[in-house]
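What follows is a single structure, written as structure tokens, with notes after it.
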Amino acid sequence: MRLLRGVPLLTALLTGLALTAPAGATTGPPETCARPGALAVPGAEHQRTVCLGDLTTTALAGTPYTDMADQAGLSARGTRNPSGVPGVQIDGYFPDDSRLNATHGWRHDAQFVIRLPDRWNGGLVVTGAPGTRRQYATDTLISDQVLAQGYAYAATDKGNTGPDFFTDGRRPGDAVAEWNRRVTELTVAAQRVVRQRYGHGPRRTYMTGMSNGGYLTRWQLGNRPDLYDGGVDWEGVLWTTRGPNLLTGLPVTVARSQGTADDDDLLGAGFHPGSRFLWPYHEKVYWGLTQKAFRAEFDPTYDPACPGASAGTTPEQIFAACPSDAAYSYASRPASVRRAVAKVALTGRIGRPLITLHGDLDALLPIATGSDVYARTVERTGRAGLHRYYRIEDGTHADGLYDTYPDRLRPILPCYRSAFTALTAWVEKGASPPASRTVARPSDGDVVNSCGLGG
Numbered sequence: 000m001r002l003l004r005g006v007p008l009l010t011a012l013l014t015g016l017a018l019t020a021p022a023g024a025t026t027g028p029p030e031t032c033a034r035p036g037a038l039a040v041p042g043a044e045h046q047r048t049v050c051l052g053d054l055t056t057t058a059l060a061g062t063p064y065t066d067m068a069d070q071a072g073l074s075a076r077g078t079r080n081p082s083g084v085p086g087v088q089i090d091g092y093f094p095d096d097s098r099l100n101a102t103h104g105w106r107h108d109a110q111f112v113i114r115l116p117d118r119w120n121g122g123l124v125v126t127g128a129p130g131t132r133r134q135y136a137t138d139t140l141i142s143d144q145v146l147a148q149g150y151a152y153a154a155t156d157k158g159n160t161g162p163d164f165f166t167d168g169r170r171p172g173d174a175v176a177e178w179n180r181r182v183t184e185l186t187v188a189a190q191r192v193v194r195q196r197y198g199h200g201p202r203r204t205y206m207t208g209m210s211n212g213g214y215l216t217r218w219q220l221g222n223r224p225d226l227y228d229g230g231v232d233w234e235g236v237l238w239t240t241r242g243p244n245l246l247t248g249l250p251v252t253v254a255r256s257q258g259t260a261d262d263d264d265l266l267g268a269g270f271h272p273g274s275r276f277l278w279p280y281h282e283k284v285y286w287g288l289t290q291k292a293f294r295a296e297f298d299p300t301y302d303p304a305c306p307g308a309s310a311g312t313t314p315e316q317i318f319a320a321c322p323s324d325a326a327y328s329y330a331s332r333p334a335s336v337r338r339a340v341a342k343v344a345l346t347g348r349i350g351r352p353l354i355t356l357h358g359d360l361d362a363l364l365p366i367a368t369g370s371d372v373y374a375r376t377v378e379r380t381g382r383a384g385l386h387r388y389y390r391i392e393d394g395t396h397a398d399g400l401y402d403t404y405p406d407r408l409r410p411i412l413p414c415y416r417s418a419f420t421a422l423t424a425w426v427e428k429g430a431s432p433p434a435s436r437t438v439a440r441p442s443d444g445d446v447v448n449s450c451g452l453g454g
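Numbering follows numbering that gives the first Met the number 0, in which position 213 of the sequence shown is assigned residue number 212; successive positions increment by one, without gaps.
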């Protein structure tokens, strides 16, 4: 029955949001909110501004102002989150011609959320959704904590969402390239909204994210460092033109599911031997879907019939692998495929302080062919002084799996929170974080809510 944990993930991919009004919500200007109607998001095609007595998920669960289904599986039960942060929330979307995001009944992509606490510390935190989720996906992971610390917060759906994200764009690679553009767009707009709300722009802007959001953090600090003061990358996806990347690492998982590869082949491809117990779950939920969707994004001519115009309409269809991917060889594909990946490739030339975390038992993005490689790339560019890299012992891709295997895993979220604190001290006080290292799993204590980076 452990594989039923795929059901929350499917819910996150496919369900919408019931629109019910939260207690205490108002569109007028109560004492906790001065003239919300005066806030205009530059470039937005549509926005809805509301004053709320609490911007955190404690109050917003079950309302139109967050989506708990889209957060399914990302955090461990027992995670303690702050609450009681009054302020302004702006939901809306930028102009876009794709219609994959049905949140709020808008059926319009490039949706965003901006939250502005009444008690502001002068900072702004920006993120993009992990996986193919939407703008509320990291509310529990990131928004609650940073809002309680006084930061303004902004998140984007990246401009396309769900298992059919690859259908967006005119050319191969366009959908993922749009992710980076949408983060930049939201960052600039959110900085201006902050100025409107508080009378001056943010003194510090931080970029952060998990998985695809971690990739976005790496890209922004490498390509738009002028917009940020630093970032925290939580197991970012690695895209390099020659590889490694998802299309060099995942085909062997499909081959194994088809009986043309075995466990030793996965180990040879960089999967950690200690992660074997997680492979059946990932085979059912992650591997096939991830391979076929990203292969369709960057290499649509390989097998146009699979996934075709859609990844599927039933759970079985969506999670199923394309059998043809068992023989997929990125190195053998036409140069046009590598040109498509080059649009989104990471160089490691970061221009601001960056902290990376990655679990050593990640069974979707193996650490050996992911963040280990990225750390070496940063070092080769001469930017190692701007980078810290923490390998989290017994961490895996999604913290929700800790609840199934509490004796074999540890959540990464508390380490992420410690890393964010270390980043801000690094940027604002010049306090150097601990040296890059493996963060050992403690033998006792509350691993769900506590993590020391060492040093």
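We put the beta carbon where it would ideally sit given N, CA and C, even for glycine.
Nothing here was measured: the structure is a model prediction, and the numbers come from that model.
(1) May I ask you to verify whether the segment 250-266 touches the segment 381-397, counting CB pairs closer than 8 Å and requiring at least 3?
(2) Buried or exposed for His199, going by 16 or more other Cβ atoms inside 10 Å?
(3) Measuring only the C-alpha atoms, how far is Leu38 from Gly394?
(4) When DSSP builds the beta bridges, which residues end up paired with Gln46?
(5) If we count Cβ pairs, one from each stretch, closer than 8 Å, do we get three or more for the segment 185-202 versus the segment 339-359?
(6) So if DSSP puts Tyr388 in a beta bridge, which residue, or which two residues, is it bridged to?
(7) Output the residue ranges of the alpha helix (DSSP H) runs that lie fully inside the segment 66-146 and measure 4 residues or longer, sorted by chain position.
(8) Could you spell out where the beta strand (DSSP E) holding Arg436 opens and where it closes?
(9) Check this for me: beta carbons of Thr137 and Ala154, under 9 Å apart or not?
(10) Give the straight-line distance between the Cα atoms of Thr312 and Asp163, rounded to the nearest whole angstrom.
(11) In the DSSP assignment, the beta strand (DSSP E) including Asp232 goes from what residue to what residue?
(12) Just the Cα atoms here: how many angstroms apart are Thr207 and Leu215?
(13) Please classify Glu296 as buried or exposed, where buried requires at least 16 other C-beta atoms within 10 Å of its C-beta.
(14) Name the residue from His103, Tyr135, Ala176, Arg202 whose alpha carbon lies nearest to the alpha carbon of Gly149.
(15) Look at the Cβ atom of Asp361, then the Cβ atom of Glu234, and state whether they are nearer than 9 Å.
(16) Do Asn211 and Thr102 have their beta-carbon atoms positioned less than 9 Å apart in this structure?
(17) For Asn159, which of Arg196, Asn244, Asp96, Leu220 has the nearest alpha-carbon?
(18) Should Gly221 and Tyr205 be called a contact, given that it needs their Cβ atoms to be closer than 9 Å?
(19) For the candidate residues Leu353, Gly287, Ser331, whose alpha-carbon lies nearest to that of Ala310?
(20) What does DSSP give as the partner residues of Tyr205 in its beta bridges?
(21) Could you name each continuous beta strand (DSSP E) segment of 3 residues or more that falls completely within the segment 251-319, going from the start of the chain to the end?
(22) Does the beta carbon of Thr155 fall short of 8 Å from some heavy atom of the ligand GTP?
(23) Using the C-alpha atoms, what's the distance from Gly350 back to Gly267?
(24) Going along the chain, which residues of its own chain have a beta-carbon closer than 7 Å to the beta-carbon of Val175, five neighbours each way excluded?
(25) If you reduce the DSSP assignment to three classes, tell me which class Ala339 lands in.
(26) Could you give the first and the last residue of the continuous alpha helix (DSSP H) run that contains Thr420?
(27) Do you know offhand how far Leu12's Cα is from Gly161's?
(28) I'd like to confirm the pairing. Which residues does DSSP put opposite Thr216 in its beta bridges?
(29) Out of curiosity, what's the CA-to-CA distance linking Pro7 and Ala60?
(30) Is there contact between the segment 63-76 and the segment 119-127, where contact requires at least three CB pairs shorter than 8 Å?
(31) From the DSSP output, which residues share a beta bridge with Tyr152?
(32) Residues in its own chain within less than 7 Å of Arg379 by CB, not counting five upstream and five downstream?
(33) In angstroms with no decimal places, state the Cα-to-Cα distance between Thr239 and Gly52.
(34) Would you kindly work out how many angstroms separate the C-alpha atoms of Ser431 and Gly453, rounded to a whole number?
(35) Kindly indicate which three-state DSSP category Leu185 falls into: helix, strand or coil?
(36) Only counting the same chain, and skipping five residues up and downstream in sequence, which positions put a Cβ closer than 6 Å to that of Tyr64?
This is what the structure gives:
(1) The segment 250-266 is not in contact with the segment 381-397.
(2) What you label residue 199 is simply residue 200 of the sequence shown in a count that begins at 1. Exposed: under 16 other Cβ atoms inside 10 Å.
(3) The count along the sequence shown starts at 1 and reaches residue 38 at position 39. The count along the sequence shown starts at 1 and reaches residue 394 at position 395. Cα to Cα, the separation comes out at about 41 Å.
(4) Numbered from 1 along the sequence shown, position 47 holds the residue referred to as residue 46. Checking the DSSP bridge columns, you'll see Gln46 partnered with Gly91.
(5) Counting C-beta pairs with one atom in each stretch, the segment 185-202 and the segment 339-359 have fewer than three that are closer than 8 Å, which means they do not touch.
(6) Numbered from its first residue, the sequence shown carries residue 388 at position 389. Note: Tyr388 sits in a beta bridge opposite Thr355.
(7) none
(8) If you number the sequence shown from 1, residue 436 lands on position 437. 436-438 is the extent of the beta strand (DSSP E) around Arg436.
(9) The residue labelled residue 137 in the question sits at position 138 within the sequence shown. The residue labelled residue 154 in the question sits at position 155 within the sequence shown. In contact: Thr137 and Ala154 (Cβ atoms closer than 9 Å).
(10) Within the sequence shown, numbered from 1, the residue matching residue 312 stands at position 313. Within the sequence shown, numbered from 1, the residue matching residue 163 stands at position 164. In a straight line, the C-alpha of Thr312 is about 10 Å away from that of Asp163.
(11) Sequence index remark: in the sequence shown, residue 232 carries index 233 (1-based). Segment 229-233, the beta strand (DSSP E) holding Asp232.
(12) Taking the sequence shown and counting its residues from 1, one reaches residue 207 at position 208. Taking the sequence shown and counting its residues from 1, one reaches residue 215 at position 216. Cα to Cα, Thr207 sits roughly 8 Å from Leu215.
(13) Position 297 of the sequence shown, counting from 1, holds the residue named residue 296. By the 10 Å Cβ count, Glu296 comes out buried.
(14) Here residue 149 refers to the residue found at position 150 when the sequence shown is read from its first residue. When each option's Cα is compared against that of Gly149, the closest is Arg202.
(15) Mapped onto the sequence shown, residue 361 falls at position 362. Mapped onto the sequence shown, residue 234 falls at position 235. Taking 9 Å as the Cβ cut-off, Asp361 and Glu234 qualify as a contacting pair.
(16) Reading the sequence shown from its first residue, position 103 is the one you call residue 102. Reading the sequence shown from its first residue, position 212 is the one you call residue 211. Cβ distance not < 9 Å, so Thr102 and Asn211 don't count as in contact.
(17) Here residue 159 corresponds to residue number 160 of the sequence shown, with the count starting at 1. When each option's Cα is compared against that of Asn159, the closest is Asp96.
(18) The residue given as residue 221 occupies position 222 in the sequence shown. The residue given as residue 205 occupies position 206 in the sequence shown. For Gly221 and Tyr205, no; Cβs fall outside 9 Å.
(19) Here the question's residue 310 lines up with position 311 in the sequence shown. Cα-wise, what sits closest to Ala310 is Gly287.
(20) Looking up residue 205 in the sequence shown gives position 206. Per DSSP, Val124, Gly229.
(21) Qualifying beta strand (DSSP E) stretches: none in this window.
(22) No copy of the ligand GTP appears in this structure; indeed no ligand is present at all.
(23) Here residue 267 refers to the residue found at position 268 when the sequence shown is read from its first residue. Here residue 350 refers to the residue found at position 351 when the sequence shown is read from its first residue. Using only the alpha carbons, I get a separation of about 34 Å.
(24) Taking the sequence shown and counting its residues from 1, the one referred to as residue 175 is at position 176. Closer than 7 Å at Cβ, skipping near neighbours: Glu296, Val343.
(25) In the sequence shown, the residue the question calls residue 339 occupies position 340. Three-state result, Ala339: helix.
(26) Position 421 of the sequence shown, counted from the first residue, corresponds to residue 420. Unbroken alpha helix (DSSP H) run through Thr420: 412-428.
(27) By 1-based counting over the sequence shown, the position of residue 12 is 13. By 1-based counting over the sequence shown, the position of residue 161 is 162. The predicted position of Leu12 is uncertain, since its pLDDT is 45 and thus under 50; a value taken from the coordinates is nonetheless stated next. Those two C-alpha atoms are separated by around 5 Å.
(28) The residue labelled residue 216 in the question sits at position 217 within the sequence shown. Looking at the DSSP assignment, Thr216 forms no beta bridge with any residue, so it has no partner.
(29) Taking the sequence shown and counting its residues from 1, the one referred to as residue 7 is at position 8. Taking the sequence shown and counting its residues from 1, the one referred to as residue 60 is at position 61. Because Pro7 sits at a pLDDT of 47, beneath the cut-off of 50, its placement in the model cannot be relied upon, and the following sentence gives the value as read from the coordinates. Spanning the two alpha carbons is a distance of roughly 16 Å.
(30) no
(31) Here residue 152 is taken as the residue at index 153 of the sequence shown, counted from 1. Paired residue(s): Arg114, Val124.
(32) Along the sequence shown, one-based indexing puts residue 379 at 380. Around Arg379: Gly347.
(33) Reading the sequence shown from its first residue, position 240 is the one you call residue 239. Reading the sequence shown from its first residue, position 53 is the one you call residue 52. Going by the C-alpha atoms only, they are around 44 Å apart.
(34) In the sequence shown, residue 431 corresponds to position 432, counting from 1. In the sequence shown, residue 453 corresponds to position 454, counting from 1. Going by the C-alpha atoms only, they are around 12 Å apart.
(35) For this step, residue 185 is matched to residue 186 along the sequence shown. In this structure, Leu185 counts as helix in the three-state DSSP scheme.
(36) Here the question's residue 64 lines up with position 65 in the sequence shown. Gln88.
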